[in-house]
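Enquirer: Residue numbers (our numbering): 32 to 350. Just so it is clear, CB atoms sit at the ideal spot from N, CA and C, and this is done for glycine as well. On a predicted model such as this, the values are computed, not experimentally measured, just so you know. Shown below is the structure under consideration.
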């Protein structure tokens, strides 16, 4: 494996840690204000402010926007891919609702399962923009092994009397959403050539979607706006994490492929979940040998799916 690929694999793992941290921050904010959509809007809105300030002083972001306009005008990039940020907004809205209900660990199990299933599909059809990729039995086996490993990691926490099956299912849906979003961002980034341009577009679309969605909920009296709590400070870091995360993934995914990226990010997500359980646990969470064993098994799955992954990245001939 080349040094460049090793660096990309490491960054993919770091992005997994970001998922765990963002889930914890957004989930706690949602729990404190009792409104998951408003919490998602705060997260996305703060991210939009940050990336907009960066854009004002970064000519390359504006250049990336011009590249995108040109690609859309030439019909090289389908217009529908530009709405990847709306999927991101949906993902965060679901995340903020269910993390307080089932915790970061079980949420990770459900979302990783959804991501892996979606990754197999989007890699096969070439949605990343990097060309279609072979889905070999080895990669499928690695994906199933990883899903099984994350199940083992939280096996001792699953109590049917306290587990919301609807929340777990929505966690799977959230994972599938983020898997598709990564692929769309890979396509966008291929034409923008600027990761933070892709990030800016995501936050514009995601924030717009959440503003419209929350406004509808308020108008039909399904939700009401509530004052934001004074702290703790870390509950407002979801937007910052999102800016960095999207820039990471939009660049890495088109080189590694969605499935390989997902396998490495799973390891980072589990390590992040472990650190959260140790230093800032949700109610009822404790570190166990099941979790440690699951992390070890997950890295075995990463190795099985990641070694010689250049074969997995071989492009298929377009029919």
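Helix or strand or just coil, what does DSSP make of residue 168?
Expert: In this structure, residue 168 counts as helix in the three-state DSSP scheme.
Enquirer: Taking residue 39 as the reference, give the member of 155, 291 and 212 with the closest Cα.
Expert: Comparing Cα-Cα distances from residue 39 to each of 155, 291 and 212, the minimum goes to 291.
Enquirer: With C-beta atoms as the reference, is residue 259 less than 8 Å away from residue 64?
Expert: Yes. Within cutoff.
Enquirer: Anyone know if the C-beta pair for residue 118 and residue 50 falls short of 8 Å?
Expert: One thing to note: residue 118 has its Cβ no nearer than 8 Å to the Cβ of residue 50.
Enquirer: Excluding five sequence neighbours on each side, which residues of the same chain lie with their C-beta closer than 8 Å to the C-beta of residue 200?
Expert: 141
Enquirer: Consult DSSP for residue 261 and reduce its assignment to one of helix, strand or coil.
Expert: In the structure shown, residue 261 sits in coil (DSSP, three-state: anything other than H, G, I, E or B).
Enquirer: Can you determine whether any heavy atom of the ligand ZN sits closer than 7 Å to the C-beta of residue 51, and answer yes or no?
Expert: Among the components modelled here there is no ligand, and therefore nothing to report on the ligand ZN.
Enquirer: Look at the alpha carbon of residue 165 and the alpha carbon of residue 288, and state the distance between them as a whole number of angstroms.
Expert: 10 Å
Enquirer: Report the three-state DSSP secondary structure of residue 268 (helix, strand or coil).
Expert: coil
Enquirer: Are the CB atoms of residue 60 and residue 234 nearer to each other than 8 Å?
Expert: no
Enquirer: Buried or exposed: where does residue 12 fall if 16 or more other Cβ atoms within 10 Å of its Cβ makes it buried?
Expert: Here the chain has residues from 32 to 350 only, and residue 12 is not among them.
Enquirer: Is DSSP giving residue 224 helix, strand or coil here?
Expert: coil
Enquirer: Let me know if residue 84 comes out buried or exposed under the rule of 16 or more other beta-carbons within 10 Å of its beta-carbon.
Expert: So residue 84 counts as exposed.
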